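Asker: All residue numbers for the sequence shown refer to this note's numbering, where the first residue is 5 and numbers rise by one. No residue lacks a Cβ here, since even glycine has one placed at the ideal position from N, Cα and C. Remember, it's a predicted structure, so these values are computed and weren't measured experimentally. Sending over a structure as structure tokens; questions will come in a sec.
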Amino acid sequence: MIGTSIAYHLCRGGERDVLLLEKSKLTEGCTWHAAGLVGQFRSQQNLMQLMRDSVALFDTLKAETGQDP
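Laid out in structure tokens, this is it:
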């Protein structure tokens, strides 16, 4: 997931010579095994803001790519 994120942000920043290598299918390893749940409530305000920002980012990715992260 980190490599995919780096490639995405490089492209968004204007870089056009980006190559993403995966061992097999995209996000097939640990990322695939994650539940994909983003809780909205945390005991600390900064963690709650991180969760809200993550949800907003997922909505943006879906709109930009047509893929539902």
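Reducing DSSP to helix, strand and coil, say where CYS68 ends up.
Answerer: As a working note, residue 68 is residue 64 in the sequence shown. Position check: residue 68 holds Glu in this sequence, whereas Cys was assumed. GLU68: helix per DSSP, three-state reduction.
Asker: Identify which residue in SER9, ARG16, HIS13 has its Cα closest to the Cα of GLU26.
Answerer: Position 22 of the sequence shown holds residue 26. For the residues SER9, ARG16, HIS13, the minimum Cα distance to GLU26 belongs to SER9.
Asker: Using C-beta distances below 6 Å, list every residue in its chain close to CYS15, excluding the 5 sequence neighbours before and after it, in chain order.
Answerer: Start at 1 with the first residue of the sequence shown, and residue 15 comes out as number 11. Taken in chain order, the residues that qualify are VAL22.
Asker: Determine the closest residue to LEU65 out of MET52, TYR12, LEU24, with distance taken between C-alpha atoms.
Answerer: By 1-based counting over the sequence shown, the position of residue 65 is 61. Distances from the alpha-carbon of LEU65 to those of MET52, TYR12, LEU24 put TYR12 closest.
Asker: Can you tell which of ARG20, LEU24, GLY17 has its C-alpha closest to the C-alpha of ILE6?
Answerer: Position 2 of the sequence shown, counted from the first residue, corresponds to residue 6. Comparing Cα positions, the closest option is LEU24.
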